[in-house]
Amino acid sequence: MKDLDGAAFISTDFSAITDVHGPLQTGINKHTMKIAYFDCFSGVSGDMTLGALLACDGADETQFRRRLAALNLPGYELSIQRVTREGISATDVDVRLIERDQGHGRHLADIAAILENSGLSSWVRTTALTVFTRLADAEAKIHGATRDAIHFHEVGAVDAIVDIAGSCILLEMLGVDRIASSSIPCGYGTITCQHGIMPVPAPATMELLKGFPVHSVDIRGELVTPTGAALITTLADPKTAGRLPAMRVLTNGFGAGKKQFKPDMPNLLRIVIGETDDAPSSHDASSGDATPQTVAVLEANLDDQSPEAFDLLMERCFAAGALDVFFTPIQMKKNRPATLLTVLCPADLSETLAAVIFRESSTFGVRHRTQERYTLARTWRTANTPYGEIRLKVGAWRGETMTIAPEYEDCRRAALAHGVPLAQVYRAALIGDKDLIGGEDS
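Quick note, the numbering used here runs 530 ahead of the 1-based positions in the sequence shown.
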C-alpha cells in the first residue's frame, strides 16, 4: 500500500475547491440501479480499488488503458497482473515511476490542471478532483496549513492521480450508480513516512474517516491508506455503511494489496457489483412521474467576475449534486452587463449548493425558492455502431417514449478515436438502436 501522509509546504495561488463528499452520482439515472459494494475486510487503498474494479466482469483492460492515457500524465508505467493470495485469485496493480526527480512534486493546483486539461469525461474529471480535494483538505488540517500549500511528493502524487482517476474511469465504464461500503477496519502500531514515525491509522487517514463507521482489528500495520480513505469517504454514503445491500449480484472482483499482514488472512479488497429495482432516491428528480417534483432554485447575479471562472463554478455545482446549472445574460442598474446564475437542486441540498456558490463566485447573496417541475422518466440502452458502443438516453412519459438522445461523451470519444465528425457518430448511434429501428417503445 502506498502512503501519502508525507507533505511539505509551499505557497501557491490556488483558488478554493469545494469540499464535497457523499453518494456517488454518475448522472446515469435509471429505474434499475447498479451498486458497487466495497467489502473492506482487509482494508482499502487506491491500488487495491483499481485491482478489484479491473477484476470485475465488464472492465476491459485495453479500454481502461486507452481511457487512462487521456490523462496525458508522463513518466510512469502501469503493471496489471493476476496474483494469488491465500488461494484466492486477485488483480494486482502497481504504478511504477520511470522518470524520477527527488526534488520534484505536485500540489493541488498542478493536479487540478492535469485533470481539467485531460481528455477524460466531465464526470471523471470532476469526481477525481473532488476526491483529491478532500485528500488535500485532510493533509492541510493535520499540518496546520491551507489546501493550496500542500505539496505531494512525486511518488505519492503520480500514484494517487492514477489510482483516483483510474478508479473513477472504471466506475464509469462499469456503469455504477452508487457505492456502498462495509465498515472500515483499522489496524494498530506505527508507520514511517516523510514526517517520521506516525500512528496507525495515519493522521490524514483518520481525518478523512471522520463521520464514517470504523472498527478495530488485531492487525499491526496500515490497512487503510489516505488515498483509499479519500475514495471511500467521498463516493460512499456513511449513513448506509455496513453489510452487503440487497441486490442481484452481477459480478465481483478482488484487488490485491502489497503487504501480507497475517499468514491466514489475505490482504484483499473485494468489490461486489449488483442491481436493485429500488426507486430513485429523493436526490433523483428524473423519475418521470406525472406528479410534479419539488426542487430548490438558487440564483445569483454576477457582475464583477470573469466568465472564465464560470466553467469551474458549474463543475463544482454538479459535483455537489446540482440537477442543472445555467447562465443567462442580464442588464443590471446603470445598464451594467451581468450574468444570472441559476442552479436547480434537490431541496435538501440547497444549503450545500449555496455554500458552493459563495466559495466559487463573487456574489454576496444567493436567492432561494422552491419550484415544482415535470420530468421524463430516463432509462439507458446501448447501440452498436461502427465506432463502438454508444449509450442512448431514453425519455418516456407515462410509458410512452418521447425522445432518444445519444450520450455526448460516448459520441465525442468515438469521434476523436476514429477521426470522424461528431454528427456522423450521432447518426450511427440512432441507426444502430434496434428498438428505434423496430419502432418499439421502451
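Quick reminder that beta carbons are idealized off the backbone N, C-alpha and C, glycines included.
Identified DSSP bridge partners for residue i
i	result
residue 614	619
residue 901	825
residue 976	Only positions 531 to 972 of the chain appear in the structure, and residue 976 is not among them; the question remains open.
residue 609	624
residue 795	792
residue 784	800
residue 805	564, 778
residue 573	571
residue 754	574
residue 909	924
residue 701	Residue 701 pairs with nothing; no bridge assigned.
residue 831	870
residue 647	None, per the DSSP bridge assignment.
residue 914	919
residue 766	709
Whole-number beta carbon distance between residue j and residue i, since they are thought to touch under 8 Å
i	j	result
residue 906	residue 932	6 Å
residue 824	residue 877	6 Å
residue 844	residue 827	Not really, about 16 Å apart at Cβ, beyond 8 Å.
residue 638	residue 677	6 Å
residue 868	residue 841	So it is not a contact: roughly 17 Å between Cβ atoms.
residue 801	residue 568	6 Å
residue 628	residue 601	The Cβ separation is near 15 Å, so there is no contact.
residue 572	residue 799	7 Å
residue 900	residue 924	Wrong, their Cβ atoms sit about 29 Å apart, outside the cutoff.
residue 803	residue 706	7 Å
residue 687	residue 636	4 Å
residue 778	residue 805	5 Å
residue 917	residue 948	5 Å
Sub-8 Å separation of residue i and residue j beta-carbons
i	j	result
residue 879	residue 851	yes
residue 650	residue 695	yes
residue 575	residue 719	no
residue 570	residue 712	yes
residue 710	residue 565	yes
residue 691	residue 610	no
residue 797	residue 790	yes
residue 577	residue 623	yes
residue 704	residue 580	no
residue 668	residue 738	yes
residue 598	residue 699	yes
residue 592	residue 849	no
Contacting residues, own chain, Cβ-Cβ under 6 Å from residue i (five flanking each side not counted)
i	result
residue 939	651
residue 735	754, 756, 759
residue 716	731, 744, 746
residue 896	828, 830, 884, 887
residue 860	868, 870
residue 741	768
residue 892	834, 835
residue 882	850
residue 616	796
Close-in-space but distant-in-sequence residues of the same chain around residue i (CB under 7 Å, 5 per side omitted)
i	result
residue 551	With a pLDDT of only 40 at residue 551, under 50, the local geometry of the prediction cannot be trusted, and the value read off the model is given with reservation. So the qualifying residues of the chain are 664, 763, 764.
residue 951	945
residue 585	620, 621, 783, 784, 785
residue 626	606, 607, 609
residue 557	For residue 557, the predicted model reports a pLDDT of 42, less than 50, meaning its position is unreliable and no value from the coordinates is stated.
residue 890	548, 842, 843, 846
residue 750	717, 718, 719
residue 646	655
residue 904	822
residue 618	784, 796, 798
residue 729	720
residue 865	none
Same chain, Cβ closer than 8 Å to residue i, five either side skipped, listed in chain order
i	result
residue 915	944, 955, 958, 959, 961, 962
residue 953	none
residue 589	583, 700, 703, 704, 783
residue 941	920, 952, 955, 956, 959
residue 792	749
(request) Mind listing, in chain order, the continuous alpha helix (DSSP H) runs of no fewer than 4 residues lying wholly within the stretch 853 to 893? (result) 880 to 890
(request) Could you tell me which uninterrupted alpha helix (DSSP H) segments, each at least 4 residues in length, are contained entirely in the stretch 716 to 750, listed from first to last along the chain? (result) 733 to 738
(message) Please give me, in chain order, every unbroken run of the alpha helix (DSSP H) with length at least 4 that falls completely inside the stretch 916 to 972.
(response) 938 to 948, 952 to 961, 964 to 968
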